[in-house]
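Visitor:
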Amino acid sequence: MGKKPYRNGPRASDGGNDGSLQLEFEEGRLLGPLFGEFDQNLIALENRLGVFIAARGNRLTIEGEPDAAARARDVLITLYNRLQQGGEIELADVESAVALSDTLMQQNSLSPDAGGDSPVQIRTRRKTIQPRSPTQVRYMQHLHKSDMIFALGPAGTGKTYLAVAQAVHELITGSVDRIILSRPAVEAGERLGFLPGDMREKVDPYLRPLYDALNDMLPPEQVERRLASGEIEVAPLAFMRGRTLSDAFVILDEAQNTTPMQMKMFLTRFGTRCRMVICGDPSQVDLPPPQKSGLADAVSRLEGIEGIAVVRFDPKEVVRHPLVGRIVDAYDADRHAEN
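In my numbering, the protein residues as written are -3 to 335.
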């Protein structure tokens, strides 16, 4: 097999009779972040796929079972391309790229020119976001084309973060006129009336994760300016009553803590040229028993209706620190044992 170019970047070739694979990189400045501190990214890839990777200058040699070596090569190309596009790599990204490497969708993410029904990246002012799990690929495609999406899964799977990224992308490209971000303002039995401060001071702590995501996508001064102009609105769910939401990208976070009536109220705000994403973790309901979660109720009623997509994330797809995934697994094990 001759050399094969990847996006004018790394070149892949057979290593000869020993069955190894070789990668040659053109931009040496990217090799430090690609390999990681003390080569931690290469070591993680070796441990995960059972291969041996040797680096010499700008060339890598990968030895191991043919399928495993090919996957290691594809992971390294994916991560290198991310760096070329201005992204960053953390140790968790190595594991995420391995998880993606054995899916058909990963073939689309290796090259923006590879085709596919919809993009598998989201561009914002501050960063370009790429999928880090197989379900994120499917979720990002629905974010691009579906009118209403229910995103279900545990914390750390990227449900809200990717929705905010898509909302920012559509705002800066002119696809929508405004972004509306909302959450139930009362959680775990707390009531706003007993909290100190004016209304914004009362609700801001509940909405802080949404502000954090916005600041990841836009420069802080733009976030403040767009909040002041009304292009971005962050409000508790109760403020949605009586409104019709048009020309907007609307996100409801922590939706498992809505009642069925609140959820119906929110969903019926849907107006012309509106997109809605409803995010929540059905296993983390803070409503007092026997109150039923509006998220579970809505999904049971609406799944399968044309124009509505339901995306379910597996706990194994947590993309925060690997410890978060192990914590989620431990709690799920206890919950299943109780049942």
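For each residue, glycine too, the CB sits at the ideal point set by N, CA and C.
#1: Below 8 angstroms on the Cβ atoms is my contact criterion, and I expect Val172 with Ala244 to pass it. Report the Cβ-Cβ distance as a whole number of Å.
#2: Assign Tyr327 to buried or exposed, taking buried as 16 or more other Cβ atoms, counted over all protein chains shown, within 10 Å of its Cβ.
#3: What residue range does the alpha helix (DSSP H) around Gly290 cover?
#4: What would DSSP say about Leu106, mapped onto helix, strand or coil?
#5: Buried or exposed for Lys155, going by 16 or more other Cβ atoms inside 10 Å?
#6: Kindly identify the DSSP beta-bridge partner or partners of Ala93.
#7: Does the beta-carbon of Leu319 have 16 or more other beta-carbons within 10 angstroms, so that it is buried, or is it exposed?
#8: Could you check which residue in Ala66, Ser129, Leu139, Thr153 has the C-alpha nearest to that of Ile347?
#9: Contact between the stretch 136 to 150 and the stretch 78 to 98: three or more CB pairs below 8 angstroms?
#10: Would you mind working out which of Glu23, Ala329, Glu299, Ile85 sits nearest Pro311, comparing C-alpha positions?
#11: In three-state DSSP terms, what is Phe21?
#12: Could you please give the first and the last residue of the uninterrupted beta strand (DSSP E) stretch that includes Leu72?
#13: Mapping DSSP to helix, strand and coil, what is Ala151?
#14: Classify Phe257: buried if its beta carbon has 16 or more other beta carbons within 10 angstroms, exposed otherwise.
#15: Smallest Cα separation from Leu214: which of Leu79, Gln162, Thr131?
#16: Indicate the three-state DSSP secondary structure (helix, strand or coil) for Ser142 in the structure shown.
#17: Can you tell me which residues form a DSSP beta bridge with Ala234?
#18: Would you check if the distance between the CB atom of Ile274 and the CB atom of Leu248 is smaller than 7 angstroms?
#19: Do the stretch 250 to 265 and the stretch 123 to 131 touch if we need at least three Cβ pairs shorter than 8 angstroms?
#20: DSSP has Glu229 in a bridge; who is on the other side?
#21: Measure the beta-carbon distance from Arg179 to Leu223 and round it to whole angstroms, keeping in mind my assumption that it falls under 8 angstroms.
#22: When the distance is taken between beta carbons, is Val246 closer than 7 angstroms to Ile176?
#23: According to DSSP, is Val47 part of a helix, a strand, or is it coil?
#24: To the nearest angstrom, how far is it from the Cα of Thr37 to the Cα of Thr153?
#25: Does Tyr2 pass the burial test, meaning 16 or more other C-beta atoms within 10 Å, or should it be called exposed?
#26: Using a Cβ-Cβ cutoff of less than 7 angstroms, which residues in the same chain neighbour Arg308 once the five nearest sequence positions on both sides are dropped?
#27: Who are Gly276's beta bridge partners in DSSP?
#28: When the Cα atoms are used, what is the spatial distance from Pro62 to Ala50?
#29: Would you decide whether Glu84 is buried or exposed? Buried here means 16 or more other CB atoms lie within 10 Å of its CB.
Guide: Taking the definition as stated:
#1: Taking the sequence shown and counting its residues from 1, one reaches residue 172 at position 176. Taking the sequence shown and counting its residues from 1, one reaches residue 244 at position 248. For a cut-off of 8 angstroms, the C-beta gap from Val172 to Ala244 is around 6 angstroms, short enough to register as a contact.
#2: Counting from 1 along the sequence shown, the entry for residue 327 is found at position 331. Taking a 10 Å sphere around the C-beta of Tyr327, we find fewer than 16 other C-beta atoms and assign the residue as exposed.
#3: What you label residue 290 is simply residue 294 of the sequence shown in a count that begins at 1. Start and end: 290 to 298.
#4: Here residue 106 refers to the residue found at position 110 of the sequence shown. Residue confidence for Leu106 is low, a pLDDT of 41 falling below 50, so the modelled location carries little weight and cannot support an answer.
#5: As a working mapping, residue 155 is identified with position 159 in the sequence shown. Around the beta carbon of Lys155, a 10 Å sphere encloses 16 or more other beta carbons of the protein chains shown; the residue is thus reported as buried.
#6: Residue numbering aside, residue 93 sits at position 97 when the sequence shown is read from its first letter. DSSP, once it has assigned bridges, lists no residue as partnering Ala93.
#7: In the sequence shown, the residue the question calls residue 319 occupies position 323. That one is exposed.
#8: Residue coverage of the chain in this structure runs from -3 to 335, which leaves residue 347 outside it and unanswerable.
#9: Taking one beta carbon from each stretch, the stretch 136 to 150 and the stretch 78 to 98 have fewer than 3 pairs nearer than 8 angstroms; the two do not touch.
#10: Counting from 1 along the sequence shown, the entry for residue 311 is found at position 315. Among Glu23, Ala329, Glu299, Ile85, the Cα nearest to that of Pro311 belongs to Ala329.
#11: To locate residue 21, count along the sequence shown from 1; it is residue 25. Correct three-state label for Phe21: coil.
#12: Numbered from its first residue, the sequence shown carries residue 72 at position 76. It is not in any beta strand (DSSP E) - Leu72 instead sits in the alpha helix (DSSP H) that spans 62 to 80.
#13: Here residue 151 is taken as the residue at index 155 of the sequence shown, counted from 1. In the structure shown, Ala151 sits in coil (DSSP, three-state: anything other than H, G, I, E or B).
#14: Indexing the sequence shown from 1 puts residue 257 at position 261. It is worth fixing the name first, because residue 257 is Met in this sequence and not Phe. Per the 10 Å Cβ criterion, exposed.
#15: Locating residue 214 in the sequence shown gives position 218, where the first residue counts as 1. Taking only the C-alpha atoms, the option nearest Leu214 is Gln162.
#16: Residue mapping note: residue 142 aligns to position 146 of the sequence shown, counting from 1. The three-state reading of DSSP puts Ser142 in coil, since its state is none of H, G, I, E or B.
#17: Sequence index remark: in the sequence shown, residue 234 carries index 238 (1-based). For Ala234, DSSP records no beta bridge to any residue.
#18: Within the sequence shown, the letter at position 278 stands for residue 274. Within the sequence shown, the letter at position 252 stands for residue 248. Yes, these two residues count as a Cβ contact at 7 angstroms.
#19: Flag = no, the stretch 250 to 265 and the stretch 123 to 131 do not touch.
#20: Within the sequence shown, residue 229 is the residue found at index 233, counting from 1. Answer is Ile176, bridged to Glu229.
#21: Position 183 of the sequence shown, counting from 1, holds the residue named residue 179. Position 227 of the sequence shown, counting from 1, holds the residue named residue 223. Not a contact, Cβ separation roughly 16 angstroms.
#22: Here residue 176 corresponds to residue number 180 of the sequence shown, with the count starting at 1. Here residue 246 corresponds to residue number 250 of the sequence shown, with the count starting at 1. For Ile176 and Val246, yes; Cβs fall inside 7 angstroms.
#23: As a first step, residue 47 must be located in the sequence shown, where it is residue number 51. In the three-state DSSP reduction, Val47 falls in the coil class, being neither helix nor strand.
#24: Start at 1 with the first residue of the sequence shown, and residue 37 comes out as number 41. Start at 1 with the first residue of the sequence shown, and residue 153 comes out as number 157. Going by the sequence as given, residue 37 is Asn instead of Thr. Each residue's Cα considered, the two are about 21 angstroms apart.
#25: Numbered from 1 along the sequence shown, position 6 holds the residue referred to as residue 2. The pLDDT assigned to Tyr2 is 40, lower than 50, so where the model puts this residue is not dependable, and the model offers no usable value.
#26: Stepping through the sequence shown from its first residue, residue 308 is reached at position 312. Sequence-distant partners of Arg308 (beyond 5 residues in either direction) whose C-beta falls short of 7 angstroms from its own C-beta, in its chain, are Leu148, Gly149.
#27: Start at 1 with the first residue of the sequence shown, and residue 276 comes out as number 280. For Gly276, which the question treats as bridged, DSSP gives the partners Leu148.
#28: For the purposes of this step, residue 62 is taken as residue 66 along the sequence shown, with counting starting at 1. For the purposes of this step, residue 50 is taken as residue 54 along the sequence shown, with counting starting at 1. The alpha-carbon atoms of Pro62 and Ala50 are separated by roughly 16 angstroms.
#29: To locate residue 84, count along the sequence shown from 1; it is residue 88. A residue is called buried when at least 16 other Cβ atoms come within 10 angstroms of its Cβ; Glu84 does not meet this threshold and is exposed.
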